[in-house]
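In my numbering, the protein residues as written are 9 to 146.
Note that beta-carbon positions come from the ideal geometry of N, C-alpha and C, so glycine has one too.
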């Protein structure tokens, strides 16, 4: 078994630069969730993709980004549970913008751990799944 390389901890200036990069990425949504799935960080790309401002979305459940039928079936919670169990998942799902319009999103969900190795939430990257869009699915 090969040992995974552990990245060096970020210094404060490095962490600030990285957060600025994440916050200003506009081509994809980057979110952080607490362990219960509430949104704790929302970059400008997320605002552009979903139409919610930071002040409207911080503290709301991740599930609010899914259409009602997906929420009723428990799919947002199932995705988080699977990511927590496996460490990381990638999938495509229908998602919903603030005005109610839908799009297919390609999601990467990572279960995150603190310095002590304890689970402390999730990091997500979401982009529009252009292959679905190009093939005419809605």
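Do the stretch 23–34 and the stretch 102–118 touch if we need at least three Cβ pairs shorter than 8 Å?
no
Backbone CA spacing between residue 89 and residue 42 [nearest angstrom]
The count along the chain shown starts at 1 and reaches residue 89 at position 81. The count along the chain shown starts at 1 and reaches residue 42 at position 34. Computed Cα separation, rounded: 13 Å.
Could you pull out every residue in the same chain whose Cβ sits closer than 8 Å to the Cβ of residue 84, ignoring the five residues on either side in sequence?
The residue you call residue 84 lines up with position 76 of the chain shown. So the qualifying residues of the chain are 45, 69, 70, 71, 73, 74, 78.
Spatial neighbours of residue 110 in its chain, beta-carbon cut-off 8 Å, leaving aside the 5 residues before and after
What you label residue 110 is simply residue 102 of the chain shown in a count that begins at 1. Excluding sequence neighbours, residue 110 sits near 75, 102, 103, 104, 146.
Taking buried to mean at least 16 other C-beta atoms within 10 Å of its own C-beta, is residue 58 buried or exposed?
For the purposes of this step, residue 58 is taken as residue 50 along the chain shown, with counting starting at 1. Classification of residue 58: buried, given that the 10 Å Cβ count is 16 or more.
With DSSP run on the structure shown, which of helix, strand or coil describes residue 37?
Start at 1 with the first residue of the chain shown, and residue 37 comes out as number 29. In this structure, residue 37 counts as strand in the three-state DSSP scheme.
Going by DSSP, what residue range makes up the beta strand (DSSP E) through residue 134?
Counting from one through the chain shown, the residue named residue 134 turns up at place 126. Residues 127–136.
Per DSSP, the bridge partner or partners of residue 46
Taking the first residue of the chain shown as position 1, residue 46 is located at position 38. Per DSSP, 69.
What are the residues that DSSP puts in a beta bridge with residue 97?
Counting from 1 along the chain shown, the entry for residue 97 is found at position 89. For residue 97, which the question treats as bridged, DSSP gives the partners 117.
In whole angstroms, give me the CA-to-CA distance for residue 50 and residue 62.
The sequence position of residue 50 within the chain shown is 42, counting from 1. The sequence position of residue 62 within the chain shown is 54, counting from 1. Taking the straight line from one Cα to the other gives about 6 Å.
Please state the DSSP three-state secondary structure of residue 24.
Sequence index remark: in the chain shown, residue 24 carries index 16 (1-based). Note: residue 24 maps to helix in three-state DSSP.
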